[in-house]
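A.B. asks: This structure is in structure tokens; I'll ask about it shortly.
In UniProt numbering, the protein residues as written are 1 to 459.
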């Protein structure tokens with residue numbers, strides 16, 4: 001609580017004791033005291049209290065201090081504050097979010113220092129921060145000598161949190177968020193993700209009374225550097241339905257053991273617009289697969305690859321809810337007869353795992369990204385012409401999802417409905433995914449020609 005009921009008493013001095021000079025004051029009938037070794041120090045402290053009261057500042061009833069004094073006396077360093085933030089958030093966020101927090105703090109912390117003297121190699125310092133300081137699992141583990149020395153240096157030179165609100169400091173932090181390792185501008189989405197993390201770390205400082213306000217709430221005379229990265233999907237990467245059919249057929253020949261098991265895996269990414277992590281988590285109970293007609297998938301989770309260092313169980317993958325949704329939320333997706341048939345055939349050929357999963361390795365393990373990417377590369381060589389294989393057309397498995405979204409938009413399905421099925425906001429969908437399908441320009445040319453022709457007829 002805050003109170004304006006403040007009385008400041010005169011300095012009292014004892015004849016004995018290491019700190020004989022006492023400043024006493026009352027906030028809302030609660031007495032506070034502070035001891036000093038010299039009368040001058042006590043008088044300076046009392047004067048600060050008086051000036052704050054004269055300016056009309058509210059005093060905190062717990063600490064007894066006005067805001068200006070409470071924050072200026074807080075000497076927690078940025079480095080210690082950042083480590084504390086990681087501790088606070090670790091159990092509450094996913095492995096992917098843990099990585100995002102560590103990446104952001106590893107980029108920002110090296111620029112929030114008091115001096116450069118004795119600085120370690122930048123790559124060593126970044127590795128020390130990312131893999132040890134901001135990874136709660138590893139922080140207390142044994143470290144190489146150069147890593148240990150780098151962390152001791154950053155702990156010694158890190159700025160007090162209260163100084164982060166200075167213009168030069170906060171803009172330096174934003175510059176770090178907006179830059180890649182080589183100093184070139186990061187993509188807008190990458191910068192936005194880092195800025196969100198930085199904002200939350202600063203908000204945590206406010207809640208801990210280490211800052212009086214979040215400096216990112218102010219209008220700063222700073223803009224992110226321009227980048228040549230385009231975040232829209234390149235139409236040249238989006239395969240047509242005929243090309244997708246050729247690719248799925250080729251998958252079955254791309255590795256005689258792994259390939260056939262992955263046909264339905266890739267088909268889900270195209271026909272149901274699913275993310276790879278969602279396909280890996282797909283259960284038989286999530287599927288409604290009639291003998292004829294359209295079916296439906298009811299997605300309820302994902303299994304993204306994170307890395308053993310960032311999961312509580314020490315596994316490569318972690319079990320999560322759907323991206324951007326509450327933990328137990330479901331996402332229904334109607335699927336065309338083509339995918340219904342492929343899934344039914346997959347289940348008949350390979351069955352399901354003990355946990356009900358449709359997709360797993362030959363030995364029953366979780367499908368790894370390295371495995372399905374290798375299969376996809378082989379399928380492209382088999383299915384596409386040399387010119388197409390050398391191009392960006394369907395270069396990544398994820399491009400199947402882009403093709404599936406674009407197909408529905410170009411077919412006239414409302415963007416709101418496609419966004420719901422794909423698990424996106426409408427804004428993101430229209431900004432990134434609304435692209436023409438490769439090889440269908442003639443369709444749109446004919447449509448425009450017909451429109452122009454009918455217009456001429458009416459005239």
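Glycine included, every Cβ here is placed at the ideal spot set by N, Cα and C.
(1) For residue 359, would you say it is in contact with chain D, using Cβ-to-Cβ distances shorter than 8 Å as the test?
(2) If I follow the unbroken alpha helix (DSSP H) through residue 376, where does it start and stop?
(3) Only counting the same chain, and skipping five residues up and downstream in sequence, which positions put a Cβ closer than 7 Å to that of residue 230?
(4) Where does residue 212 sit, in a helix, a strand or coil, going by DSSP?
(5) With a threshold of 7 Å on Cβ separation, who are the neighbours of residue 225 within its own chain once the five nearest residues in sequence on each side are excluded?
(6) When the Cα of residue 145 is compared with those of 165, 124, 130 and 159, which residue comes out closest?
(7) Using 8 Å as the Cβ pair cut-off and three pairs as the minimum, do the segment 85-96 and the segment 113-121 touch?
(8) CA-CA distance, residue 49 and residue 66?
(9) What's the call for residue 223, buried or exposed, on a 16-neighbour Cβ count within 10 Å?
(10) Run through DSSP, which three-state label would residue 462 get?
(11) Could you check whether residue 23 and residue 33 sit closer than 8 Å to each other, using their CB atoms as the reference points?
(12) Excluding the five sequence neighbours on either side, which residues of its own chain have a C-beta within less than 7 Å of the C-beta of residue 279, listed in chain order?
(13) Helix, strand or coil for residue 57, going by three-state DSSP, please let me know.
(14) Quick one: residues in its chain with C-beta nearer than 7 Å to the C-beta of residue 364, no 5 flanking neighbours on either side, listed in chain order?
(15) Under a Cβ-count criterion, where at least 16 other Cβ atoms within 10 Å of its own Cβ denotes burial, should residue 451 be classed as buried or exposed?
(16) Have a look at 5, 46 and 20 and flag the residue whose alpha-carbon is nearest the alpha-carbon of residue 56.
(17) Mind pulling the alpha helix (DSSP H) runs of 4 or more residues that sit fully within the segment 62-149?
(18) For residue 12, is the classification buried or exposed, using 16 other Cβ atoms within 10 angstroms of its Cβ as the cut-off for buried?
(19) Using 8 Å for Cβ pairs, my map puts residue 411 next to residue 429. What's the rounded Cβ distance?
(20) Considering only C-alpha positions, which residue in the set 369, 403 and 237 is nearest to residue 395?
(21) Would you mind giving the Cβ-Cβ distance between residue 112 and residue 164, rounded to the nearest angstrom? I have them listed as a contact below 8 Å.
(22) At what residue ranges does the segment 239-310 contain a whole run of the beta strand (DSSP E), taking only runs of 3 or more?
(23) Determine the contact status of residue 334 and residue 294, defining contact as a CB-CB distance below 8 Å.
(24) With residue 346 as the anchor, note down where its alpha helix (DSSP H) starts and where it stops.
(25) Take residue 3 and list the residues in its own chain whose beta-carbon comes closer than 7 Å to its own, dropping the five residues that flank it on each side.
(26) Taking the alpha carbon of residue 274 as the point to measure from, which residue in 296, 80 and 148 has its own alpha carbon closest?
(27) Mind checking which residues open and close the beta strand (DSSP E) that includes residue 24?
(28) For the segment 199-207 against the segment 76-93, do three or more pairs of beta-carbon atoms, one drawn from each stretch, fall closer than 8 Å, so that the two count as touching?
(29) For residue 188, which three-state DSSP category applies?
(30) Can you round the beta-carbon distance between residue 392 and residue 234 to whole angstroms, since I take them to be within the 8 Å contact cut?
(31) Drop a sphere of 10 angstroms on the beta-carbon of residue 336, count the other beta-carbons inside from all chains shown, and report buried for 16 or more, exposed for fewer.
(32) How many Å lie between residue 175 and residue 319 at the Cα?
(33) The alpha helix (DSSP H) with residue 418 in it runs from where to where?
(34) Please report the distance separating the alpha-carbon of residue 100 from that of residue 345.
C.D. replies: Result, derived from the coordinates:
(1) You won't find chain D in this structure, because it holds only one protein chain.
(2) 369-383
(3) The predicted model places residue 230 with a pLDDT of 48, which falls under 50 and marks its position as unreliable; any figure quoted below should be read in that light. Closer than 7 Å at Cβ, skipping near neighbours: no residue.
(4) coil
(5) For residue 225, where only same-chain residues beyond five positions count, the Cβ hits under 7 Å are 178 and 185.
(6) 124
(7) Result no; under three Cβ-Cβ pairs closer than 8 Å.
(8) Rounded to whole angstroms, residue 49 to residue 66 spans 8 Å at the Cα level.
(9) exposed
(10) A query on residue 462 cannot be resolved here, the shown segment of the chain reaching from 1 to 459 and no further.
(11) Yes. Within cutoff.
(12) 265, 268, 269 and 359
(13) coil
(14) 353
(15) Result: exposed.
(16) 5
(17) 67-72, 78-90, 95-108 and 122-128
(18) exposed
(19) The Cβ separation is near 14 Å, so there is no contact.
(20) Residue 237 is the option with its Cα nearest to residue 395.
(21) 7 Å
(22) When DSSP assignments are scanned along the segment 239-310, the uninterrupted stretches of beta strand (DSSP E) that are 3 or more residues long and fall wholly within it turn out to be 295-299.
(23) yes
(24) 337-350
(25) Hits under 7 Å: 27, 28, 58, 59 and 61.
(26) 296
(27) 21-27
(28) Because the criterion of three Cβ pairs below 8 Å is met, the segment 199-207 and the segment 76-93 touch.
(29) Here residue 188 sits in helix by DSSP.
(30) 6 Å
(31) exposed
(32) 34 Å
(33) 415-422
(34) 39 Å
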